[in-house]
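Enquirer: My questions all concern the structure below.
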Amino acid sequence: MTMLNLPPTVCLDAATVRRIREEKRLTQLYVAKVAGVTTDTISRWENNRYPTVKRENALRLSEALEVPVSMLILENNESAAATEPQQTLPHRQRRRQIFIFLLVLSAVIAWFVFRRTQAPLVHISLTAQRLLPPHAAPGNIVPVRIRIDTGGEPRGFILREHFPRGWKLIEAFPPASSLDNDEGTVRWMVKPGENRTVIAYLLRVDSRQSLGTISQMQGEVVASSADGKNAPSSVLGTAQLSVAPYLWADRNGDNSVDDAEMLDASYVVEEMGGVHLDWKQLEGIWDAGRYRWEVDKKQFIPLKDSP
């Protein structure tokens, strides 16, 4: 069922709304923020205390739950709409109402024509770009950065990231709005005006992951817009990395962190200021000159270069 087929008010299937939210492990607070209502309203919808809702609220609720709106409403919307009381009006009163309606409609059309001629609408795009190291070792940390470009506009957005199952998100800045470490899904909801240009988080690679495997990541971003056209777009940038016995800062995989790589690592640490990256470990390996991967301990051991 599309928006054009929906009546002004629809009957919610309260049990289905609650079941879908719980299956997706979404909080009432998260759904309320995306749908633009209060948590009390979400609770009333799920307990059938508001059996009918406006069409716009139903559409926003389906967007928050990431399901078609047809899954959330009952089949008898047409009959519910037909039962609304209708009043007969005298002929003269109906003519007066029609005249007022046409007058208001003409004013609205004139206003839109004026706006289009004075200031044409400009579409502002939002892009998200992921930055990953080329490799990561089993049981160790992967720093992930998502750079956000809102085109200079203070726009709100929802960012959703999917990482390999078995990996764990251990820290994020800003904190995630929702997280499912079992399924490998994390979401951030950023409000307009927060001016968020970077979202950073740390993943721990599954310690059972085999060396030489390639791990994939993907994500989507949905921007808020005045016209309601907010289809998700894919996160750009790096989408995969190899599982290898190398430190994330050792970009060429030669078991050492040279000056250029250390400088690049310092930029990463600075940009990810809200999460904890082990800078002392990097300095120790940089000072030592080389390192080796201790398979049993899942650790990097600094090795002094021979004089």
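Under our numbering, residues 1 to 307 are what the sequence shown spells out, in order. Note that the Cβ used here is the ideal one computed from N, Cα and C, for glycine as well. A quick note: this is a predicted structure, and the numbers were derived from the prediction, not measured.
Using DSSP's beta-bridge definition, name the partner residues of E66.
Expert: In DSSP, E66 forms no bridge with anything.
Enquirer: Out of curiosity, what's the CA-to-CA distance linking F157 and S256?
Expert: Taking the straight line joining both Cα atoms gives about 40 angstroms.
Enquirer: In this structure, does DSSP put K298 in helix, strand or coil?
Expert: Looking at K298 - three-state DSSP - the assignment turns out to be coil, as it is neither helix nor strand.
Enquirer: How would you label N252, buried or exposed, when you count the other beta carbons within 10 angstroms and need 16 or more for buried?
Expert: Answer is exposed; the Cβ neighbour count stays below 16.
Enquirer: Taking the alpha carbon of T197 as the point to measure from, which residue in R165, D149, R49 and E161 has its own alpha carbon closest?
Expert: Of the candidates R165, D149, R49 and E161, the one whose C-alpha sits nearest the C-alpha of T197 is D149.
Enquirer: So, do the stretch 231-251 and the stretch 126-135 have three or more beta carbon pairs nearer to each other than 8 angstroms?
Expert: Yes, the stretch 231-251 touches the stretch 126-135.
Enquirer: I'd like to check one pair, G139 with K298: are the Cβ atoms closer than 8 angstroms?
Expert: Contact: yes.
Enquirer: What span of residues does the beta strand (DSSP E) with S266 cover, start to end?
Expert: First-last for S266: D259 to E271, but that is the alpha helix (DSSP H), not the beta strand (DSSP E).
Enquirer: Let me confirm a value: S79 is counted as buried when at least 16 other C-beta atoms fall within 10 Å, else exposed. Which label applies?
Expert: Note that S79 has pLDDT 42, beneath the 50 cutoff, so the model's placement of it is unreliable and no number is given.
Enquirer: Excluding the five sequence neighbours on either side, which residues of its own chain have a C-beta within less than 8 angstroms of the C-beta of G219, listed in chain order?
Expert: So the qualifying residues of the chain are A128, R130, I146, L159, R160, E161, H162, S234 and V235.
Enquirer: Taking 8 angstroms as the cut-off, does the stretch 10-28 touch the stretch 53-62 (at least 3 CB pairs, one atom from each stretch)?
Expert: Touching, yes.
Enquirer: Is the beta carbon of I141 less than 8 angstroms from the beta carbon of R204?
Expert: The answer is yes: Cβ separation under 8 angstroms.
Enquirer: With DSSP collapsed to three states, give me the class of V287.
Expert: The question names Val, but residue 287 in the sequence shown is Asp. It is helical.
Enquirer: Roughly how many angstroms lie between the CA atoms of A58 and W111, to the nearest whole one?
Expert: Each residue's alpha carbon lies about 29 angstroms from the other.
Enquirer: Compare the beta carbon distance of V269 and E171 with 8 angstroms and say whether it is the shorter of the two.
Expert: No, the Cβ-Cβ distance between V269 and E171 is not below 8 angstroms.
Enquirer: Taking contact to mean at least 3 C-beta pairs separated by less than 8 angstroms, is the stretch 28-35 in contact with the stretch 91-104?
Expert: Contact fails: fewer than three Cβ-Cβ distances are below 8 angstroms.
Enquirer: So for P8, helix, strand or coil by DSSP?
Expert: In this structure, P8 counts as coil in the three-state DSSP scheme.
Enquirer: Return the chain-ordered list of same chain residues with a C-beta closer than 8 angstroms to the C-beta of D287, the five sequence neighbours on each side being excluded.
Expert: Contacts found: P302.
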